[in-house]
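Read through the structure below, which is laid out as structure tokens, and then see the notes.
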Amino acid sequence: MSENERKRKRQTSAQKKERADFAEKEARTKEWISNQASRANKLRSQDKEFHGLEREFMYLQNKMLKDFEISKDIKHPRDVGTVREELLRAFFIDNKLLPLSYAISKSSVRVASTTGHISNEIDILFYDALNAFTLMQRQDIYEVLPVEYCYGAIQVKSKLTKKELGSAFKNIASFKKLKRIVSNQGIIVHSGTKIQKDGFGVIFAYDTDMEWSDIVSELEKHAQSYDKSLLPNAVFILSKGFFLYGDERFGSVYNSDMKNFGDIVVYGNPDYQGCCLYQLYDIVFNLLNSTKTKNVLPNQYFRLPLTAGDYSYEYNLGYFAEYGHCEAHGDFARTYTPEKLERLISWCQTAELINWVKATDIAYGKAGDNYEAYERQSGDVIIYNPEHLPLSDILVSDREIIVEGKEMLTKALAYDAIKCGGMNILIPYYYQITEDLVQSCPKCKKMHLIKIQLIRTNATIYRMAGNFLKSKLYLTSQINAQRPFQNSL
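Each residue of the sequence shown is one higher than the one before, starting from 17 at the first, in my numbering.
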């Protein structure tokens, strides 16, 4: 923590008193307004049974807060979290607040994309009840759904802290960043209707010890760390109110607005009237209504590509190229790290395309002028070749074969082919080795690092021992030099 941050966190007595006075004033204002609303609703109830959702949601909010207090009797953190997720889930399901076309996950779930990416654990997920199908399920505890049929997610926190807020942001971002397949279906947009092509994410907490200004500061800080499209659409604290992101013009819960915001501004809405739960319901209902799902088929999730950070890639030879074999440790995954793959993609984005048959001809020493064949077998590729070496040096290599009992040398293809970022890329083995592009046996690599560390440690020990011996010899010589003088005394 920097010195400036420490200074910011320290409060003078005057500042503490100012905050305490403000909190007390807010509490009195909330109590007074809630009392006015309660008295008015009581008189309305004498006239007719139903006079709007306002009274119903005030009842529901009071009940939820009481249930939250009762749940404090549970001691194990995991059980407490599960119960409080269930309280919010039951709020939507038991009170029949949503049309039957919207389903709500029965437990924590994850969401997958055809890019191979998968979200973090989602507490409450809204998805298409009529068309969605499950990709993976284990005893009603672990479930994975396709992102194309998901509307949005809620991350539930018991008591919001800075740490819990950071965790919720990460989980929401992991869901909102999932890419959906591109649909050819046209969407009819009526005037004034906000159509959302991507899912929404909401953070919900029952309570917090943070003060209002501290919450705003934390939300502003997190907004600097995420792309605007990945920010939560709203943050609710049942005991306090809710927050939206916006800019100097307005705040909004819609993705289509959020991605176009300028400098981010946090809009806070204190809950003076006891209607925070209704505001959550209203926002979720509107987001559900405006978010459009897409159709996807099971075969599009049959074999997903590999991932490296935000990137996806797949070997053209499929599982034949996905693993290597170590004589000492067995099979290992041949994967790319995000950093290596990003470097490779960055270079390939500026490289020229070449017909793959032509590239092979040139590699085998041919002229590369068989245009009829190249047109017949179309297919352009990019060859990763940052050193601009001759194709004959990097796309083929000598290989020993046995023909009729005799060893012979022949030229064999020496590259991997992957699909990544909309490109077909040939990656010569030469660069895989010289640039260490693909992960080798991790156990061998670990042992190699351990050996290096041992060598360094031994060298340090030998150096320390040498210094110790030198010091000992020096002291011995000094003592011996003093003995004639001591004997003379």
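The beta-carbon is built from N, C-alpha and C at its ideal position, and this holds for glycine as well.
In this text the structure is predicted, and so the values were computed from the model without any measurement.
Can you say whether Tyr319 is buried or exposed, counting buried as having 16 or more other CB atoms within 10 angstroms of its CB? Position 303 of the sequence shown, counted from the first residue, corresponds to residue 319. According to the sequence provided, residue 319 is Arg. The question's Tyr does not apply to it. Answer is exposed; the Cβ neighbour count stays below 16.
Would the beta-carbon of Pro162 fall within 8 Å of that of Val312? Here the question's residue 162 lines up with position 146 in the sequence shown. Here the question's residue 312 lines up with position 296 in the sequence shown. A contact, by the Cβ cut-off of 8 Å.
Rounded C-beta distance between Tyr118 and Leu304? I'm assuming under 8 Å. Your numbering for residue 118 matches position 102 in the sequence shown. Your numbering for residue 304 matches position 288 in the sequence shown. Correct: roughly 6 Å between the Cβ atoms.
Measuring straight from C-alpha to C-alpha, what distance separates Glu423 and Ser328? By 1-based counting over the sequence shown, the position of residue 423 is 407. By 1-based counting over the sequence shown, the position of residue 328 is 312. For Glu423 and Ser328, the distance between alpha carbons rounds to 41 Å.
Here's a check: name, in chain order, each residue in its chain whose Cβ is nearer than 6 Å to the Cβ of Phe216, leaving out the five neighbours to either side. Stepping through the sequence shown from its first residue, residue 216 is reached at position 200. Answer for Phe216: Gly168, Asn249 and Leu303, listed in chain order.
Alpha carbon of Ile417 to alpha carbon of Asp385, nearest angstrom: One-based indexing of the sequence shown puts residue 417 at position 401. One-based indexing of the sequence shown puts residue 385 at position 369. About 30 Å.
Gly278 versus Gln153: straight-line alpha-carbon distance, rounded: Along the sequence shown, read from residue 1 onward, the residue named residue 278 stands at position 262. Along the sequence shown, read from residue 1 onward, the residue named residue 153 stands at position 137. Distance between the alpha carbons of Gly278 and Gln153: 42 Å.
Gly438: which of Thr28, Asn371, Asp414 and Cys364 sits nearest, CA to CA? Counting from 1 along the sequence shown, the entry for residue 438 is found at position 422. Closest by alpha carbon: Cys364.
Suppose contacts are defined by Cβ-Cβ distances below 8 Å. Is Leu194 in contact with Val125 by that definition? In the sequence shown, the residue the question calls residue 194 occupies position 178. In the sequence shown, the residue the question calls residue 125 occupies position 109. Against a cut-off of 8 Å, the Cβ pair of Val125 and Leu194 comes out as no contact.
What are the start and end residues of each continuous alpha helix (DSSP H) run of 4 or more residues lying completely inside the region 291-316, in chain order? 292-306
DSSP has Tyr118 in a bridge; who is on the other side? Counted from its first residue, the sequence shown places residue 118 at position 102. Per DSSP, Asp144.
Nearest-angstrom Cβ-Cβ length linking Ile188 and Ile219, presumed shorter than 8 Å: Taking the sequence shown and counting its residues from 1, one reaches residue 188 at position 172. Taking the sequence shown and counting its residues from 1, one reaches residue 219 at position 203. Correct: roughly 7 Å between the Cβ atoms.
Would the region 431-451 count as touching the region 387-403 if we require 3 or more Cβ pairs under 8 Å? yes
If you draw a straight line from the C-alpha of Ser207 to the C-alpha of Ser306, how long is it? Mapped onto the sequence shown, residue 207 falls at position 191. Mapped onto the sequence shown, residue 306 falls at position 290. For Ser207, the predicted model reports a pLDDT of 44, less than 50, meaning its position is unreliable; a value from the coordinates is still stated below. Taking the straight line from one Cα to the other gives about 13 Å.
Among residues of its own chain, excluding the 5 on either side of Gly239, which ones have a beta-carbon nearer than 8 Å to its beta-carbon? In the sequence shown, counting from the first residue as 1, residue 239 sits at position 223. The question names Gly, but residue 239 in the sequence shown is Ala. Around Ala239: Leu247, Tyr261, Ile280 and Val282.
By Cβ distance below 8 Å, which residues in the same chain neighbour Ile204 in space, the five residues on each side in sequence not counted? Here residue 204 is taken as the residue at index 188 of the sequence shown, counted from 1. Residue placement at Ile204 is poorly supported in this model, since its pLDDT is 42, which falls under 50; the coordinates still yield a value, given next. Excluding residues within five positions, none has a Cβ falling inside 8 Å.
Residues sharing a beta bridge with Thr177, DSSP: To locate residue 177, count along the sequence shown from 1; it is residue 161. Per DSSP, none; premise fails for Thr177.
Among Ala383, Ala433, Thr323 and Gly346, which has the Cα closest to the Cα of Ala337? For the purposes of this step, residue 337 is identified with residue 321 of the sequence shown, where counting begins at 1. Minimum Cα distance to Ala337 is reached at Ala433.
By the DSSP assignment, the alpha helix (DSSP H) with Lys374 in it spans what residues? Position 358 of the sequence shown holds residue 374. Taken as a continuous stretch (DSSP letters only), the alpha helix (DSSP H) holding Lys374 covers Trp372 to Ala379.
Is it buried or exposed, Gln171, if we count other Cβ atoms within 10 angstroms and call 16 or more buried? Mapped onto the sequence shown, residue 171 falls at position 155. So Gln171 counts as buried.
For Arg154, which of helix, strand or coil comes out of DSSP? As a working mapping, residue 154 is identified with position 138 in the sequence shown. Correct three-state label for Arg154: strand.
So is Asp347 buried or exposed if we call it buried at 16+ other beta carbons inside 10 Å? Here residue 347 is taken as the residue at index 331 of the sequence shown, counted from 1. It is exposed - the Cβ of Asp347 has fewer than 16 other Cβ atoms within 10 Å.
How would you call Phe66, buried or exposed, if buried means at least 16 neighbouring beta carbons within 10 angstroms? Sequence index remark: in the sequence shown, residue 66 carries index 50 (1-based). Exposed: under 16 other Cβ atoms inside 10 Å.
Check each candidate in Tyr339, Ser362, Lys122 and Glu391 and name the one with the smallest Cα separation from Lys101. Here residue 101 refers to the residue found at position 85 of the sequence shown. For clarity, residue 101 is Glu in the given sequence; the question names Lys instead. Considering only alpha carbons, the answer is Lys122.
Tell me whether Arg126 sits in a helix, a strand or coil according to DSSP, three-state version. Position 110 of the sequence shown holds residue 126. Correct three-state label for Arg126: strand.
Starting from Ile398, trace the beta strand (DSSP E) both ways and give me its first and last residue. For the purposes of this step, residue 398 is identified with residue 382 of the sequence shown, where counting begins at 1. Unbroken beta strand (DSSP E) run through Ile398: Asp396 to Ile399.
Would you grab the beta carbon distance between Leu254 and Gln455 for me? Rounded to a whole angstrom, and I think it's under 8 Å. By one-based count along the sequence shown, residue 254 stands at place 238. By one-based count along the sequence shown, residue 455 stands at place 439. No, Leu254 and Gln455 are not in contact; Cβ-Cβ is about 46 Å, not under 8 Å.
I need the DSSP call for Met439, collapsed to helix, strand or coil. In the sequence shown, the residue the question calls residue 439 occupies position 423. Of the three classes helix, strand and coil, the one that applies to Met439 here is strand, per DSSP.
Entirely within the region 342-368 and at least 4 residues each: give me those alpha helix (DSSP H) ranges in chain order. 354-364
Beta-carbon separation of Ile342 and Cys436 under 8 Å? Position 326 of the sequence shown, counted from the first residue, corresponds to residue 342. Position 420 of the sequence shown, counted from the first residue, corresponds to residue 436. Residue identity differs from the one stated: residue 342 is Cys in this sequence, not Ile. No; because the gap between Cβ atoms is not below 8 Å, this pair is not in contact.
Would you call Tyr431 buried or exposed, if buried means 16 or more other Cβ atoms sit within 10 Å of its Cβ? For the purposes of this step, residue 431 is taken as residue 415 along the sequence shown, with counting starting at 1. When all chains shown are included, Tyr431 counts as buried.
Could you tell me if Leu181 is buried or exposed, where buried requires 16 or more neighbouring beta carbons within 10 angstroms of its beta carbon? Start at 1 with the first residue of the sequence shown, and residue 181 comes out as number 165. Result: buried.
Closest residue to Arg350 among Lys175, Ile449 and Asp156 (Cα-Cα distance): Stepping through the sequence shown from its first residue, residue 350 is reached at position 334. Nearest C-alpha to Arg350: Ile449.
For the beta strand (DSSP E) that Met424 lies in, which residues bound it at each end? Taking the sequence shown and counting its residues from 1, the one referred to as residue 424 is at position 408. Where Met424 is concerned, the enclosing beta strand (DSSP E) stretches over Lys422 to Leu429.
Does the Cβ of Gln212 have 16 or more other Cβ atoms within 10 Å, making it buried, or fewer, making it exposed? By one-based count along the sequence shown, residue 212 stands at place 196. With 16 or more other Cβ atoms within 10 Å, it is buried.
One question on the structure: do Tyr294 and Leu69 come within less than 8 Å of each other, judged by their Cβ atoms? Taking the first residue of the sequence shown as position 1, residue 294 is located at position 278. Taking the first residue of the sequence shown as position 1, residue 69 is located at position 53. Yes; because the gap between Cβ atoms is below 8 Å, this pair is in contact.
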